[in-house]
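Positions 35 to 245 (this note's numbering) are the ones given, in order, by the sequence shown. We put the beta carbon where it would ideally sit given N, CA and C, even for glycine.
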Amino acid sequence: MAKYQELADSILTGDNVKSKEVTKELVGKGIDPSEILNEGLIAGMEVVGRKFKANEMYIPEVLIAARAMHAAMDILKPLLSESGAPSKGTAVIGTVQGDLHDIGKNLVSMMLEGAGFNVVDIGVDIPPEKFVEAVNSNKANILGLSALLTTTMPAMKDVIDEVRKDGNAQSVKIIVGGAPVTQEYADSIGADGYAADASTAVEVSEKLLSA
Ligand code: B1M
35 MAKYQELADS ILTGDNVKSK EVTKELVGKG IDPSEILNEG LIAGMEVVGR
85 KFKANEMYIP EVLIAARAMH AAMDILKPLL SESGAPSKGT AVIGTVQGDL
135 HDIGKNLVSM MLEGAGFNVV DIGVDIPPEK FVEAVNSNKA NILGLSALLT
185 TTMPAMKDVI DEVRKDGNAQ SVKIIVGGAP VTQEYADSIG ADGYAADAST
235 AVEVSEKLLS A
């Protein structure tokens, strides 16, 4: 449908007025909100993710695309919860204790949300017990940890240890990332997955849940 292409394009170009307008129009026509989400918003975000990965889009443009998606999501969210549209899973995400960097984490949150996950972003400087609490209270399938400082990387291990000790939270799939983090480091602390960037974080999360 041409309108879905228009909606996807509004995400790609970061036009939050258009994304709201087209979403409202489609909702007004009685179209299933999960179809609008999948065929318009997620389709648009998938292109954003691919372009970001290929260095054809940069951080400011991705953040503007995210704003357009959020504007449309504000309209769809209440309808989606009413219609019980299936989500890909719930992801709790946060930046570890001692670390205030959140730009990368926000991009990961946004990409996960764009891919159809229910995302609970618990913020920055989060102590291990808060991660465990959030995993349990949200029945999360994925836990995402972000760290930007070499000095806060060990806090990722503290979270993983705390989660694995908790009888309820221990089976959650944990994915780590952030500029100083590597696959080798992720393996050494017992993470289930590592992603170097936001679109890979979506791919890794989907893979972990389908395994
Ligand atoms: Co800070 N800072 N900073 N800083 N800062 C860095 C990280 C640093 C490399 C700068 C430098 O010295 N060259 C350096 C760290 C050195 C190190 O430890 N190796 C540094 C330092 C030292 C500090 C302070 C200690 C400075 C000081 O006060 N003396 C201080 C620490 C504060 C604290 O956290 N306790 C500090 C403070 C700050 C600001 C507050 C000023 C600001 C943060 C603002 C904010 O986030 N709201 C800031 C910024 C902006 C940076 C730089 C310039 C940019 C970081 C960024 O946002 N990048 C950074 C230098 C740099 O990287 N060029 C620097 C863009 C972002 C999209 O990339 O976060 O890497 P990134 O996220 C990527 C991937 O890493 C990945 O996906 C994202 C998208 O592709 N990713 C994940 C991230 N999280 C993921 C999670 C996943 C998967 C992938 O799964 C869950």
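Hey, residue i and residue j: beta-carbon distance below 7 Å or not?
i, j, result
"L46", "V81", "yes"
"V158", "D192", "no"
"L183", "D133", "yes"
"G212", "A168", "no"
"V210", "A220", "yes"
"L60", "K37", "yes"
"N170", "A203", "yes"
"P67", "L114", "yes"
"S233", "M145", "yes"
"I160", "G128", "yes"
"N50", "A88", "no"
Would you report the Cα separation of residue i and residue j, rounded to the nearest angstrom?
i, j, result
"K173", "V126", "9 Å"
"G123", "M190", "22 Å"
"D195", "D226", "13 Å"
"S244", "V236", "12 Å"
"I156", "E69", "28 Å"
"R198", "A100", "33 Å"
"M107", "D200", "34 Å"
"V130", "F151", "21 Å"
"L177", "K54", "30 Å"
"A229", "E95", "21 Å"
"N140", "G64", "32 Å"
"V238", "K52", "31 Å"
"V153", "V142", "10 Å"
"I208", "L179", "8 Å"
"K85", "M91", "5 Å"
"M79", "S121", "16 Å"
"P112", "K58", "13 Å"
Check whether the Cβ of residue i lies closer than 6 Å to any heavy atom of ligand 1, and answer yes or no.
i, result
"I137", "yes"
"G211", "yes"
"V142", "yes"
"G178", "yes"
"A7", "Only positions 35 to 245 of the chain appear in this structure, which leaves residue 7 out of reach."
"P214", "yes"
"L134", "yes"
"T124", "no"
"A225", "no"
"D268", "Given that the chain is displayed from residue 35 to residue 245, the structure contains no residue 268 and the question cannot be resolved."
"E235", "Looking at the sequence provided, one finds Ala at residue 235 rather than Glu. Yes."
"D155", "no"
"A19", "No statement about residue 19 is possible, as the shown extent of the chain runs from 35 to 245 and does not include it."
"T184", "yes"
Nearest CA to the CA of residue i: which residue from the options?
i, options, result
"I76", "L41, K164, V61, E90", "L41"
"I43", "E73, K63, F165", "In the sequence as presented, Ile is not what sits at residue 43; that position holds Asp. Nearest C-alpha to D43: E73."
"E218", "N89, V153, M187", "M187"
"H104", "N89, E147, E90", "E147"
Q.
So within the region 118–176, which uninterrupted alpha helix (DSSP H) runs reach at least 4 residues, ignoring any that extend past its ends?
A. 137–148, 162–171
Q | Sequence ranges, beta strand (DSSP E) only - wholly within the region 44–125, length at least 3 | A | none
Q: Please list the segments of the alpha helix (DSSP H) lying wholly inside the region 201–240, counting only runs of 4 or more residues, in order along the chain.
A: 217–222
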